[in-house]
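**Q**
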């Protein structure tokens with residue numbers, strides 16, 4: 007697991023029994039660290055101390071089952087330093103709708119997202135007239151709470167364990183203060199200058215926003231605090247331990263501990279001056295007297311509640327199965343029941359728009375239990391995101407922000423000024439201002455929210471001015487410069503790709519077809535099924551033939567003229583923009599009577615000489631393994647997204663479901679670092695929907711299934727350090743780094759005639775992090791030098807005379 011310092015990350019654990027049964031046991035695992043001073047542990051979350059040195063740390067998790075059997079699993083935590091080599095610089099809008107608030111003048115919506123950003127929208131007269139103002143990256147974790155303090159300031163709370171305050175001046179947002187808590191923060195509520203919060207360890211606290219410190223904090227629950235509420239006299243809290251508490255606001259004294267629910271309490275809140283409510287996953291809501299703490303009433307629901315809020319003298323309770331909201335008046339009379347199709351995800355936040363006409367539902371991914379073919383229950387992910395608008399009177403859907411359905415594709419222009427994102431129902435483009443912030447959003451194409459036709463992939467020309475995308479049997483050509491639908495190609499296509507200049511498009515269903523895009527005429531076709539397709543330049547394209555462990559090369563006439571066999575069955579393919587390398591995701595399938603196992607690999611080929619058979623560059627690199635049993639348990643097949651840098655040194659590999667994006671060094675197959683969404687690993691992580699190198703390999707774009715894309719930019723090193731070692735395996739002789747050395751001052755090392763040494767080069771960064779760049783570095787020596795250089799190996803001539811020889815290493 008790769009982490010930045012100072013950020014909490016959760017570790018998920020699954021116990022596998024001898025009969026193959028798997029069970030989520032995260033909450034029952036106890037963690038310990040090999041370097042306790044460097045790792046802070048809060049339940050099943052870990053945080054690397056900001057003062058810790060970059061490197062690897064080991065966290066051990068121990069689990070004991072009902073029979074007393076104890077098993078342990080280790081996790082290697084890699085800390086790169088606070089922004090080493092790749093820094094997140096930009097975000098599109100979107101993500102899970104976790105929190106939200108209106109500005110004091112009711113003209114702006116601030117939406118806290120799972121991306122770690124706050125999305126600001128100008129309020130429109132109708133939902134379709136809401137316009138994006140800005141996307142502000144606020145946290146390294148999810149924004150679980152946001153609220154305006156004034157017209158020019160706001161506060162945010164995140165599960166990265168921080169509370170932050172911000173100022174707004176002439177549209178520019180600047181950080182004012184940051185408070186770091188000892189555990190992930192999961193819930194918060196504000197009244198005037200006081201902020202109540204609950205954390206993952208069961209702690210509840212009251213924070214003074216003026217003094218910027220907590221008034222009090224205590225452990226009131228035995229599990230995570232899922233909800234808090236605050237008024238002038240008391241703080242309410244609801245926890246995953248099935249309890250609710252009433253705490254005195256002045257000092258945190260416990261006034262009442264409520265244990266009447268049998269499942270986690272997901273919401274608590276005050277209803278005027280006389281009542282408060284507790285809402286639980288046990289499908290009940292309880293109502294309590296504010297003064298005596300006696301129960302007044304209890305409501306039962308036919309399905310599981312996920313969220314409740316008291317807004318404007320009305321109580322709103324959201325449930326799943328189906329996703330819906332129950333609306334009550336202050337006397338508890340049910341006024342309306344509004345269904346929110348589709349029945350996906352769950353409601354995390356409820357807002358009423360300033361006009362009072364629309365209910366906004368902030369959605370996130372949830373898990374559901376479904377019955378398998380043989381009667382067992384299997385946990386599946388139900389994904390949805392963003393905010394949707396519903397007419398309060400009739401419950402009619404009136405629109406949504408960003409992407410509600412999971413992202414399936416994304417693309418960044420080479421100058422990074424435009425990022426395109428696509429979900430099954432919507433294709434958007436996000437424009438960036440000169441400072442890198444997302445400034446505007448435009449909708450390019452949409453399909454009906456409640457109808458079956460959906461977008462299924464997109465591809466672009468090299469200048470990003472032409473987009474091709476598919477809906478059913480139609481492939482649309484869209485002019486992204488002028489926002490015009492140009493033409494439509496009617497053909498069956500499972501996969502498709504457009505040439506960099508837009509002159510040709512290749513498609514495949516059960517037939518491989520090459521088309522001239524000028525008049526959409528067919529150039530050639532042949533019966534063959536491809537699982538992946540990509541152009542190499544404008545005159546050739548490559549296709550993955552899964553059934554035959556084969557990657558073929560087609561020419562400008564649509565004829566197969568070359569190819570290469572893969573070790574395993576190819577499923578997806580990518581050609582870098584220089585046309586020199588081809589990356590292929592391959593899969594090894596192993597079946598037995600009870601299960602099917604899929605092992606995925608990364609295979610890499612040199613296609614610089616297209617007329618000769620492509621050569622394999624190194625052995626297959628193992629990526630991950632999934633297993634599916636006959637009872638529908640385990641993990642389904644994974645899908646991948648891949649990209650290769652133009653210098654052929656780096657690769658990005660993203661996988662679906664709860665998997666990180668890996669940055670690979672293609673020279674040795676090692677993982678340089680991993681990227682995860684701000685929410686970290688877990689069932690909420692839907693995996694990457696797209697990855698890409700852009701801006702001359704100085705930036706990478708990663709789009710996450712939960713609804714947004716982010717841009718990382720490569721940081722330039724401040725120095726280069728060299729290590730010398732002998733090929734026989736002797737200890738490296740470390741030359742002092744050049745920090746503080748005079749410009750051009752050489753560093754001395756003594757060698758003898760006939761010596762052979764290996765030189766390793768490490769890029770050093772301002773924050774203390776390092777990156778092994780040996781494969782990308784170039785060694786050199788002057789004319790007439792007695793040194794012979796082959797890659798990273800340096801040989802000293804047997805006839806070398808005594809004296810000084812300059813050996814230099816350069817890295818760009």
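Residue numbers (this note's numbering): 7 to 818. Think of the CB as a built atom: it goes at the ideal place given N, C-alpha and C, for glycine as much as any other residue.
(1) In chain order, what residues of the same chain lie with their CB nearer than 6 Å to the CB of residue 367, ignoring the 5 residues before and after it?
(2) Please list, in chain order, all residues of the same chain as residue 439 whose beta carbon is under 7 Å from its beta carbon, the five residues on each side excluded.
(3) How do the region 146–157 and the region 175–183 stand: do at least 3 beta-carbon pairs fall below 8 Å, yes or no?
(4) Please return the same chain residues whose Cβ sits closer than 6 Å to the Cβ of residue 280, not counting the five positions on each side in sequence.
(5) Would you report the Cα separation of residue 191 and residue 299, rounded to the nearest angstrom?
(6) Just the C-alpha distance for residue 617 and residue 568, rounded to the nearest angstrom, thanks.
(7) Could you compute how far the alpha carbon of residue 528 sits from the alpha carbon of residue 514?
(8) Kindly list the residues whose CB is nearer than 8 Å to the CB of residue 560, restricted to its own chain and excluding five residues on each side of it in sequence; keep chain order.
(9) Can you check whether the C-beta of residue 457 is within less than 8 Å of a C-beta belonging to chain C?
(10) Beta strand (DSSP E) containing residue 568: first to last residue?
(11) Determine the closest residue to residue 562 out of 816, 120, 543, 555, with distance taken between C-alpha atoms.
(12) Please go through the region 261–293 and give each complete beta strand (DSSP E) segment of 3 or more residues, from N-terminal end onward.
(13) Could you give the DSSP three-state label for residue 608: helix, strand or coil?
(14) Measuring CB atoms only, is the region 119–126 touching the region 94–103, in the sense that at least three cross pairs come out at less than 8 Å?
(15) With DSSP as the reference, label residue 90 as helix, strand or coil.
(16) Residue 144 bridges to which residues according to DSSP?
(17) Express the C-alpha separation of residue 590 and residue 802 in angstroms, rounding to a whole number.
(18) Could you tell me if residue 218 is buried or exposed, where buried requires 16 or more neighbouring beta carbons within 10 angstroms of its beta carbon?
(19) Cβ atoms of residue 325 and residue 309: under 8 Å apart, would you say?
(20) Compare the C-alpha of residue 409 against each of 415, 371, 432, 423 and name the closest.
(21) Name the one or two DSSP bridge partners that residue 200 has.
(22) For residue 78, does the three-state DSSP call read helix, strand or coil?
(23) Give me the Cα-Cα distance between residue 249 and residue 258, rounded to the nearest whole angstrom.
(24) Starting from residue 418, trace the beta strand (DSSP E) both ways and give me its first and last residue.
(25) Are residue 428 and residue 415 close, meaning C-beta to C-beta below 8 Å?
(26) Looking at C-beta atoms only, is the number of pairs between the region 70–87 and the region 647–657 that lie closer than 8 Å three or more?
(27) Could you please give me the residues that DSSP links to residue 484 through a beta bridge?
(28) Mind checking which residues open and close the beta strand (DSSP E) that includes residue 311?
(29) Return helix, strand or coil for residue 745, following the three-state DSSP convention.
(30) Taking the alpha-carbon positions, what's the residue 223 to residue 623 distance?
(31) What residue does the beta strand (DSSP E) around residue 596 start on, and which one ends it?
(32) What are the complete beta strand (DSSP E) segments, minimum 3 residues, inside the region 637–704?
(33) Does DSSP put residue 497 in a helix, a strand or coil?
(34) Can you check whether the CB of residue 188 is closer than 8 Å to the CB of residue 151?
(35) Tell me whether the beta-carbon of residue 632 lies closer than 8 Å to the beta-carbon of residue 607.
(36) Out of 246, 255, 197, which one is the CA nearest neighbour of residue 271?
**A** According to the structure shown:
(1) Excluding residues within five positions, the ones whose Cβ falls inside 6 Å are 346, 353, 394.
(2) So the qualifying residues of the chain are 445.
(3) The region 146–157, when compared against the region 175–183, does not touch it at the 8 Å Cβ threshold.
(4) Taken in chain order, the residues that qualify are 296.
(5) 27 Å
(6) 7 Å
(7) 13 Å
(8) 512, 518, 520, 546, 547, 548, 549, 566, 567
(9) Reference to chain C is not applicable here, since this structure consists of a single protein chain.
(10) 566–571
(11) Among 816, 120, 543, 555, the Cα nearest to that of residue 562 belongs to 543.
(12) 271–277, 281–286
(13) strand
(14) The region 119–126 vs the region 94–103: in contact.
(15) Confidence at residue 90 is low in this model, with a pLDDT of 46, below 50, so the placement of that residue is unreliable and no value is reported for it.
(16) None, per the DSSP bridge assignment.
(17) 40 Å
(18) exposed
(19) Their beta carbons are under 8 Å apart, which means residue 309 touches residue 325 by this criterion.
(20) The candidate whose alpha carbon is nearest that of residue 409 is 432.
(21) 197, 214
(22) It is a strand residue.
(23) Going by the C-alpha atoms only, they are around 16 Å apart.
(24) 415–418
(25) yes
(26) no
(27) 473, 491
(28) 311–317
(29) At residue 745 the pLDDT is 48, less than 50, meaning the model places this residue with poor confidence and gives no usable figure here.
(30) 57 Å
(31) Its beta strand (DSSP E) spans residues 587–597.
(32) 646–650, 656–661, 667–671, 676–681, 694–700
(33) coil
(34) no
(35) no
(36) 246
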